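Residue numbers (this note's numbering): 198 to 280.
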């Protein structure tokens, strides 16, 4: 959870890496804005938008080696929010 990550990061010393993911509402801005480090220039934030239905279809087809029906892909997109 957020509190556990904040606690751990405050105590880390030396060079380290932390990968954090956080879902935010559309248009909400930078995710993980709550994460602070001693060196603000040491943070890279990447905003990853949900995939379109076409992108999901392509990814799933490539990974499974077969194509899913459009209704199946639409259900996956709706359930996952494009993630």
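All C-beta atoms, glycine included, are put in the ideal place defined by N, C-alpha and C.
Computed from a predicted structure; not experimentally measured.
Sixteen is the threshold: since fewer than 16 other Cβ atoms of the shown chains lie within 10 Å of the Cβ of residue 201, the residue is exposed. For residue 279, the three-state secondary structure derived from DSSP is coil. Nearest to residue 242 by alpha-carbon distance, out of 273, 214, 257, is 214. If you check the CB distance, residue 253 and residue 273 come in under 8 Å.
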